[in-house]
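Participant: Below you'll find the structure I mean.
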Amino acid sequence: MALFKRKTKPAAVERVLPEHIGIIMDGNGRWAKKRKLPRSAGHNAGGKVFRKISRYCSDIGIKYLTVYAFSTENWKRPKEEIDALMKLFKDYLEEALRDFKEDSIVVRFIGDKTPFSDDLKALMIENEEGSKDRDGMVLNIAMNYGSRDEIVRAVKNISENVKDGSLDIDSIDEDLISDNLYTAGQPDPDLVIRPSGEYRISNFLLWQSAYTEFVIMNKLWPDFTEKDLDEAIDIFNNRNRRFGGV
Ligand code: IPE
Ligand code: IPE
Ligand code: MG
Numbered sequence: 031m032a033l034f035k036r037k038t039k040p041a042a043v044e045r046v047l048p049e050h051i052g053i054i055m056d057g058n059g060r061w062a063k064k065r066k067l068p069r070s071a072g073h074n075a076g077g078k079v080f081r082k083i084s085r086y087c088s089d090i091g092i093k094y095l096t097v098y099a100f101s102t103e104n105w106k107r108p109k110e111e112i113d114a115l116m117k118l119f120k121d122y123l124e125e126a127l128r129d130f131k132e133d134s135i136v137v138r139f140i141g142d143k144t145p146f147s148d149d150l151k152a153l154m155i156e157n158e159e160g161s162k163d164r165d166g167m168v169l170n171i172a173m174n175y176g177s178r179d180e181i182v183r184a185v186k187n188i189s190e191n192v193k194d195g196s197l198d199i200d201s202i203d204e205d206l207i208s209d210n211l212y213t214a215g216q217p218d219p220d221l222v223i224r225p226s227g228e229y230r231i232s233n234f235l236l237w238q239s240a241y242t243e244f245v246i247m248n249k250l251w252p253d254f255t256e257k258d259l260d261e262a263i264d265i266f267n268n269r270n271r272r273f274g275g276v
């Protein structure tokens, strides 16, 4: 009787997937500068990477992805750059986001929509409404997002409720504050990735990232690949999260 040697499987390396990843999509301008191109060319290249990485996160089973696309401070940039960015956002909201239908991705915008043009606002709402019943990854696109602004809004909302008597001041707790942020009902990010080598948070998810693991990568966003995302997840897996415990 032939002896069958059982093939031993390589020891499965348990890789924990972060439930929620945040990405500060930074470095478009420097990418363009290196190529002697206008900054808008960097944003166009960054847009393509946004599309690729969002779909990749959905494919590998990430439940929540929050991408920082435009901050409350980015209005300080030259008009020419702002105009190019608004045009790019419009193109994406008209076309690229429709692709996300195949992946069943739920699209949400976090940030204050008020200053955007009526066209853009309508497209944002259309994308949110059209995707809200999907069952895939939740993709939060942070546009005109600033975490300080988000916290101010939460404080105002809560204060209104105290003022009209519907909320007792003693009921204000951490959960109530979380419930008044744009990310209400979502888990805090486990991992925030910042490409482009800057060691700062730039007003992104301040409250939500109290215990987030930060991974700074030297690649500029338009050069960022699926492999870089995997590497960030590997780094995350080697961190020892203690949440203040031992
Ligand atoms: C990030 O890239 C995109 C936005 C802020 C809209 P940058 O435009 O900040 O690129 P760098 O940091 O100047 O290279
Ligand atoms: C953060 O990048 C905002 C986005 C990526 C949308 P910035 O380029 O605006 O941040 P700073 O100015 O380097 O802090
Ligand atoms: Mg930048």
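In terms of the working numbering, the sequence shown opens at residue 31 and continues consecutively.
Quick reminder that beta carbons are idealized off the backbone N, C-alpha and C, glycines included.
As the structure is a prediction and not an experimental result, all values here were calculated from the model.
Could you please give the first and the last residue of the uninterrupted alpha helix (DSSP H) stretch that includes L118?
Facilitator: That run of the alpha helix (DSSP H) goes K109 to D121.
Participant: Please classify I172 as buried or exposed, where buried requires at least 16 other C-beta atoms within 10 Å of its C-beta.
Facilitator: First, the residue type needs correcting, since residue 172 is Ala and not Ile in the sequence shown. Buried, since its Cβ has 16 or more Cβ neighbours within 10 Å.
Participant: Roughly how many whole angstroms lie between the Cα atoms of P276 and N270?
Facilitator: Contrary to the premise, residue 276 reads as Val rather than Pro in this sequence. Each residue's alpha carbon lies about 10 Å from the other.
Participant: Check I188 in the structure and name its three-state DSSP category.
Facilitator: Three-state result, I188: helix.
Participant: Is it buried or exposed, E243, if we count other Cβ atoms within 10 angstroms and call 16 or more buried?
Facilitator: It counts as buried.
Participant: What do you reckon, is the C-beta of D56 under 7 Å from a heavy atom of ligand 3?
Facilitator: Yes - ligand 3 has a heavy atom lying nearer than 7 Å to the Cβ of D56.
Participant: Could you check where the alpha helix (DSSP H) with I90 kicks off and where it finishes?
Facilitator: Taken as a continuous stretch (DSSP letters only), the alpha helix (DSSP H) holding I90 covers R69 to I90.
Participant: Can you tell me whether DSSP reads S147 as helix, strand or coil?
Facilitator: Looking at S147 - three-state DSSP - the assignment turns out to be coil, as it is neither helix nor strand.
Participant: With DSSP as the reference, identify every bridge partner of G274, one or two as the case may be.
Facilitator: Answer is none; G274 lacks a bridge partner.
Participant: Note down, in chain order, each residue of its chain lying with its Cβ closer than 8 Å to the Cβ of N58, except the 5 sequence neighbours on either side.
Facilitator: Result list for N58: R69, G72, H73, A75, G76, L250, W251 and P252, in chain order.
Participant: CB-CB under 7 Å to V192, same chain, minus the five flanking residues each way: which ones, in chain order?
Facilitator: Cβ within range, chain order: I199.
Participant: Can you name the residues that DSSP bridges to Y94?
Facilitator: According to DSSP, which records beta bridges pairwise, Y94 is partnered with H50 and V168.
Participant: Using DSSP with H/G/I as helix, E/B as strand and the rest coil, what is N104?
Facilitator: Reduced to three states, the DSSP call for N104 is helix.
Participant: Suppose contacts are defined by Cβ-Cβ distances below 8 Å. Is T96 in contact with L211 by that definition?
Facilitator: For T96 and L211, no; Cβs fall outside 8 Å.
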